[in-house]
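> Residue numbers (my numbering), protein chains in the order written: chain E, 43 to 376; chain A, 130 to 466; chain L, 17 to 312. All residues carry an ideal CB built from backbone N, CA and C; glycine is no exception.
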Amino acid sequence: MAKGNTFLYYGKKLLLFFVSVFVLSAVVFFVSRLAPGDPLRAYYGDRVEKMSPQERAWAEERLGLDEPIAVQYARWLGGALRGDFGISYKYKLDVWEVIRSRVGNTLLLGGTGFVLIFTLAPLLGVLCAWQEDRALDRLVCKAGTVSSCIPEFWLSLVLILVFAAGLRWLPSSGAYSIGGGGAADRAVHLILPLAVVVIGHLWYYAYMVRNRILEEVRADYVLLARSKGLPRRRVLFRHCLRNAAPSYLSLMAVSVPHVLGGTYIVETVFSYPGLGTLSYESARYKDYNLLMLLCMLSGILVIVCSILAQVINEQIDPRLRTREAAEPPEVTER
Amino acid sequence: MPELLEVNHLSVSFFTGGGEVQAVRDVSFSLGAGEVLAVVGESGCGKSVLCRSIMGLLPRTARIKSGSILAAGRDITACGERELCRLRGSLFSMVFQDPMTSLNPVMSVGAQIAEAVRARQPGLSRSALRGRVAELMELVGIDRPEERMDLCPAGFSGGMRQRSVMAIALAGNPRILFADEPTTALDVTIQAQILDLLREIQGKLGTAAVFVTHDLGVVARVADRVAVMYAGRIVETGTAEEIFYDPRHPYTWGLLQALPALNRGRDSLRAIPGMPPTLIDPPRGDAFACRNAFALAIDYEQAPPMFRVTDTHYAATWLLDERAPRITPPVGGGLDG
Amino acid sequence: MAEEILLEVQDLTHLFPLTKRAVVRAVDGVSFQVRRGEIFGLVGESGSGKSTVARCVMNLYRPRGGRILYKGIDVCDPAAFRANRRMLQRTRQMIFQDSGSSLNQRMRVWEIIAEPLRIQRIAPPRGSLREEAAFQMHYVGLDAGYLDRYPPELSGGQRQRVAIARALAMEPELLVADEPIASLDVSIQAQIVNLFKHLQQEHGFSFLFIAHDLAMVEFLCDRVGVMYRGRLVEAGPAAEVFAHPGHPYTRALLSSIPIPDPRRERARRPEIFSGEALGGRLAETGPGHYVLREEG
Chain E
43 MAKGNTFLYY
53 GKKLLLFFVS
63 VFVLSAVVFF
73 VSRLAPGDPL
83 RAYYGDRVEK
93 MSPQERAWAE
103 ERLGLDEPIA
113 VQYARWLGGA
123 LRGDFGISYK
133 YKLDVWEVIR
143 SRVGNTLLLG
153 GTGFVLIFTL
163 APLLGVLCAW
173 QEDRALDRLV
183 CKAGTVSSCI
193 PEFWLSLVLI
203 LVFAAGLRWL
213 PSSGAYSIGG
223 GGAADRAVHL
233 ILPLAVVVIG
243 HLWYYAYMVR
253 NRILEEVRAD
263 YVLLARSKGL
273 PRRRVLFRHC
283 LRNAAPSYLS
293 LMAVSVPHVL
303 GGTYIVETVF
313 SYPGLGTLSY
323 ESARYKDYNL
333 LMLLCMLSGI
343 LVIVCSILAQ
353 VINEQIDPRL
363 RTREAAEPPE
373 VTER
Chain A
130 MPELLEVNHL
140 SVSFFTGGGE
150 VQAVRDVSFS
160 LGAGEVLAVV
170 GESGCGKSVL
180 CRSIMGLLPR
190 TARIKSGSIL
200 AAGRDITACG
210 ERELCRLRGS
220 LFSMVFQDPM
230 TSLNPVMSVG
240 AQIAEAVRAR
250 QPGLSRSALR
260 GRVAELMELV
270 GIDRPEERMD
280 LCPAGFSGGM
290 RQRSVMAIAL
300 AGNPRILFAD
310 EPTTALDVTI
320 QAQILDLLRE
330 IQGKLGTAAV
340 FVTHDLGVVA
350 RVADRVAVMY
360 AGRIVETGTA
370 EEIFYDPRHP
380 YTWGLLQALP
390 ALNRGRDSLR
400 AIPGMPPTLI
410 DPPRGDAFAC
420 RNAFALAIDY
430 EQAPPMFRVT
440 DTHYAATWLL
450 DERAPRITPP
460 VGGGLDG
Chain L
17 MAEEILLEVQ
27 DLTHLFPLTK
37 RAVVRAVDGV
47 SFQVRRGEIF
57 GLVGESGSGK
67 STVARCVMNL
77 YRPRGGRILY
87 KGIDVCDPAA
97 FRANRRMLQR
107 TRQMIFQDSG
117 SSLNQRMRVW
127 EIIAEPLRIQ
137 RIAPPRGSLR
147 EEAAFQMHYV
157 GLDAGYLDRY
167 PPELSGGQRQ
177 RVAIARALAM
187 EPELLVADEP
197 IASLDVSIQA
207 QIVNLFKHLQ
217 QEHGFSFLFI
227 AHDLAMVEFL
237 CDRVGVMYRG
247 RLVEAGPAAE
257 VFAHPGHPYT
267 RALLSSIPIP
277 DPRRERARRP
287 EIFSGEALGG
297 RLAETGPGHY
307 VLREEG
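What follows is the structure, given as structure tokens:
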């Protein structure tokens, strides 16, 4: 591909990114304001019920809630472009501060979950493809299908009942014990939520890997590779897995938001102090500024990952690349 | 003298949802060192399955039911996958029909050839490996190999890809080369080049070859000996001259008669009526009987044994029994006869 | 000599975009005529553009240049096409190479055969649509027992017969067949070629037969056109072209036909065509025999 084309290509992707982010901000802003609920409750708590109409009007004016929604949005957008996202009504702090105290926990849970899924899925997929249609493959396929069908909140509750309430092996909620806070303590608190995140997502990706590899195994070149005298294992890893890798990478890029979404649900069930619980609270209490920033951050992650997946698909997979480049100057017979 | 490859009473079946498909039924043949055998037949007659069962590359649904395969003195049917793996590439290797799909699309051609070389000579240095790859590419007639070995198959034409596949197959100096319809997917103007190249290399290296094909023109060009297969069985075997100039089995007659070259000036081609039987429940007696204008009553009852015509020429038809009526073959003697 | 010309292809050109800038000239200035009641064979190697010509003739592709006159109507002209739509769709029929994928797998054989009649709302001449299908099947040598079968239950040869029956049910005046025997077994190929020859004699339709198997083309066709890289390099009566090929590519192609006779085949030395001499225009070298020649 020529240099100018590459520039144009990434320029288009960048433009796509900005347009998507803008549309996302507008949609989230208007939808959140159309939903019923009282934002003043987040700021003033129960005092809201005792407020007189004058007091309410004054409070709304102070928080800038009395103006038309479009004006509010324009003001928000102006602030956002300068990096000022306002304060959280509930915590009375800069929203960045609120998020900063929580983001580590979510990254720990979601990141570890993602890494586990990312590494376990190909292993499990290859194992199943290798054992295709034998007892192990069938067993894993059935178990996997069942596991991916279980709703996360239900699985969380069952695990809490068994391991926390029943056996008392593991804590049922939170990210660390009150007062304590060593690495071991944090790890113990991580086990149950992490298990739910991994169990809920792993099979979906492992199954994709399995089928993708089986597709490659059926190709003619596998027969040629084996007739060269390569062992089946080598053919599977050097040829099939390698050819399946680009589509796996793009799949994983799309999976980031998928796993993140799962993490949010799990966080709320385990009262794990991460962005998931924070989003839930901010939506519930109409903590607009906090909700906006959380949505924007999650949204940007989703958009970046989707664009990344597109780029992987279009640029990395050499089959798509060579097909375009190599057609006319074919090396032909003399 | 012990033959290089000896197949005795081999039967291979596929076990599918619809029942047992008897793809190869009681097939015996032998192949001498440096010899070229062509296996001719229609699709589904078991000729490809025959090759794959010798290479140990059958899918898991297929099983060798009985018989033995002796290659260079050892029984392949008794070998485990590990041992077969050692034999593939060095004792025998294979060229496939479609060069468009038989190369890995995302790996450079040179790397794919190198892989085959390394499977035999693991200790080779990088530069020696490149040298050997270039040598192989030159052997199969690819010019300027140094430049081309780093290209992906997408940059190669069909003929060049088939040459690359041949380089891969020859990398381990195999003693037997299987070629499964090696020219069917190629353009006619390239077919002869590839066949001549295969013959030339085979003569140079002393490799024995088994050509699987449905094209009698290919057979005429390359084969020393021919085996005609029908419905999983070998029905006639002999030298190329014997098969083309003195065929004895009615199916061989039918194949030859149907060729347009032997129908010049006629209003219609002399086609074989009907179609091949399914091998899930093959008919009793001679499977060809119901399409055979010369069928005898016994053909429907009992499968004919191999009758000897000469020391090299055998045919499985009751017409060769001494009690059968004498029939003048409708073809034979080639285009001039 | 005043034979009626049914199909006239004039200077047909079709391009396929490869990337945004590069294009492939799949068909480049091809002209030929098919007379009423003759079998015209179009031969060439893969990528020579012969299938593209067939698809342009059938209005499946819209050509970038040139005209296709069918019964004097320019089928590439949208207005002319609309005005004669029914006639054009009815009297031109096509058969594809792989009837395993060109027939709908979820339709019964009789529904496939009768579908064009149903779509064109033609009253079946033999009573019901089913009876019409049974008649056509008998005609192409298929047992009536297959009426209620689905295509995957049939063999390749039988499916191709279904495709032929479907085309013939419309009583076409032009039948276009794109490699109709290439995916069939040797013993079945001869049956289908015989069937084509027989049916053509019975019906008298014109037949554009596209193939790469030269021996079959020589046997079946009255006239042939030879294509190479999108250009028609030679056209003329089959016997004449096969006996006295004028263009070096035709000579290379003919010399590559394998001979089923070991002594002769081993003595055969195919000519190699180096790819030159593709310029110029068709010049008449014998009665009705045209060869691509450099001008001047």
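For the segment 110-118 of chain L against the segment 189-208 of chain L, are there 3 or more C-beta pairs whose distance is under 8 Å?
yes
> With distances taken Cα to Cα, identify the nearest neighbour of L:Ala-268 among L:Val-257, L:Pro-276 and L:Val-73.
L:Val-257
> E:Ser-130 to E:Cys-282, Cα distance in whole Å?
51 Å
> Could you check the C-alpha separation between E:Leu-76 and E:Val-140 for me, to the nearest Å?
24 Å
> Using only CA atoms, which one of L:Arg-137, L:Glu-169, L:Pro-168 and L:Arg-124 lies nearest to L:Pro-150?
Just to set this straight, residue 150 of chain L is Ala in the shown sequence, not Pro. If we check each option's Cα against that of L:Ala-150, L:Arg-124 comes out closest.
> Between the segment 173-207 of chain L and chain A, which residues of the former have CB atoms less than 7 Å from a CB of the latter, in chain order?
Gly-173, Asp-201, Val-202, Ser-203, Ile-204, Ala-206 and Gln-207
> According to DSSP, simplified to helix, strand and coil, what is L:Ile-90?
Rather than Ile, the amino acid found at residue 90 of chain L in this sequence is Asp. The answer is strand: DSSP assigns L:Asp-90 an E or B state.
> If contact means a Cβ-Cβ distance below 7 Å, which residues of the segment 326-359 of chain A contact chain L?
His-343, Asp-344, Leu-345, Gly-346, Val-347, Ala-349 and Arg-350
> Per DSSP, which one or two residues make a beta bridge with L:Arg-309?
L:Arg-297
> Locate the beta strand (DSSP E) running through L:Leu-133, then write down its first and last residues.
Careful: L:Leu-133 lies outside any beta strand (DSSP E), inside the alpha helix (DSSP H) at 125-135.
> Quickly, what does DSSP pair L:His-30 with across the bridge? List them, please.
L:Val-43
> Can you give me the C-alpha to C-alpha distance between A:Val-339 and A:Ser-159, rounded to a whole angstrom?
11 Å
> Using the C-alpha atoms, what's the distance from L:Leu-170 back to L:Glu-20?
Take the alpha-carbon of L:Glu-20 and the one of L:Leu-170: they are about 39 Å apart.
> Between A:Leu-385 and the rest of its own chain, which residues show a CB-CB distance below 6 Å, the 5 nearest in sequence each way excluded?
Val-460
> In angstroms with no decimal places, state the Cα-to-Cα distance between L:Gly-296 and L:Gly-252.
Straight-line spacing of the CA atoms in L:Gly-296 and L:Gly-252 works out to 18 Å.
> If you pair each beta-carbon of the segment 364-377 of chain A with each one of the segment 201-218 of chain L, do three or more pairs fall below 8 Å?
no
> What separation, rounded to the nearest whole angstrom, lies between the Cα atoms of E:Arg-276 and A:Val-341?
28 Å
> In this structure, does DSSP put L:Ala-255 in helix, strand or coil?
helix
> Ends of the alpha helix (DSSP H) at E:Ser-94?
No alpha helix (DSSP H) holds E:Ser-94; DSSP gives it neither H nor E.
> Who does A:Asn-137 pair with in a DSSP beta bridge?
A:Ser-197
> Between the segment 267-285 of chain E and chain A, which residues of the former have CB atoms less than 8 Å from a CB of the latter, in chain order?
Ala-267, Arg-268, Ser-269, Lys-270, Gly-271, Leu-272, Pro-273, Arg-274, Arg-280, His-281, Arg-284 and Asn-285
> If you follow the beta strand (DSSP E) that L:Glu-189 is in, where does it begin and where does it stop?
Taken as a continuous stretch (DSSP letters only), L:Glu-189 belongs to no beta strand (DSSP E), as it is neither H nor E.
> Just checking: is the beta-carbon of A:Ile-271 within a distance shorter than 9 Å of some beta-carbon in chain L?
no
> Taking the continuous beta strand (DSSP E) assigned at E:Gly-155, which residues delimit it?
That residue, E:Gly-155, is in no beta strand (DSSP E); its alpha helix (DSSP H) goes 154-172.
> Taking Cβ to Cβ, would you say E:Ser-292 is nearer than 9 Å to E:Asn-253?
Cβ distance not < 9 Å, so E:Ser-292 and E:Asn-253 don't count as in contact.
> For A:Gly-284, which of helix, strand or coil comes out of DSSP?
helix
> Based on the DSSP secondary-structure assignment, which residues constitute the bridge partners of E:Ser-353?
Checking the sequence shown, residue 353 of chain E turns out to be Val, not Ser. In the DSSP assignment, no residue is bridged to E:Val-353.
> Under 8 Å between beta-carbons, which chain L residues line up against A:Gly-318? List them in chain order, please.
As written in the sequence, residue 318 of chain A is Thr, which differs from the Gly given in the question. Glu-61, Ala-268, Leu-269, Ser-272, Pro-286, Ile-288 and Phe-289, listed in chain order.
> Are the segment 92-104 of chain L and the segment 116-132 of chain L touching by the rule of at least three beta carbon pairs closer than 8 Å?
no
> Please confirm whether A:Arg-215 and A:Ala-243 have their CB atoms less than 9 Å apart.
no
> Sort E:Leu-335, E:Lys-328, E:Tyr-327 and E:His-300 by Cα distance to E:Leu-317 and report the nearest one.
E:Leu-335
> Going along the chain, which residues of the segment 402-413 of chain A sit with their C-beta nearer than 8 Å to a C-beta in chain L?
Pro-402, Met-404 and Pro-405
> For L:Leu-28, is the classification buried or exposed, using 16 other Cβ atoms within 10 angstroms of its Cβ as the cut-off for buried?
buried
> Candidates E:Leu-197, E:Leu-158, E:Arg-268 and E:His-300: which alpha carbon is nearest E:Val-238's?
E:Leu-197
> Whose CA, out of A:Asp-375, A:Ala-400, A:Glu-365 and A:Phe-221, lies closest to the CA of A:Ala-300?
Closest option to A:Ala-300, Cα to Cα, is A:Phe-221.
> In three-state DSSP terms, what is L:Glu-20?
coil
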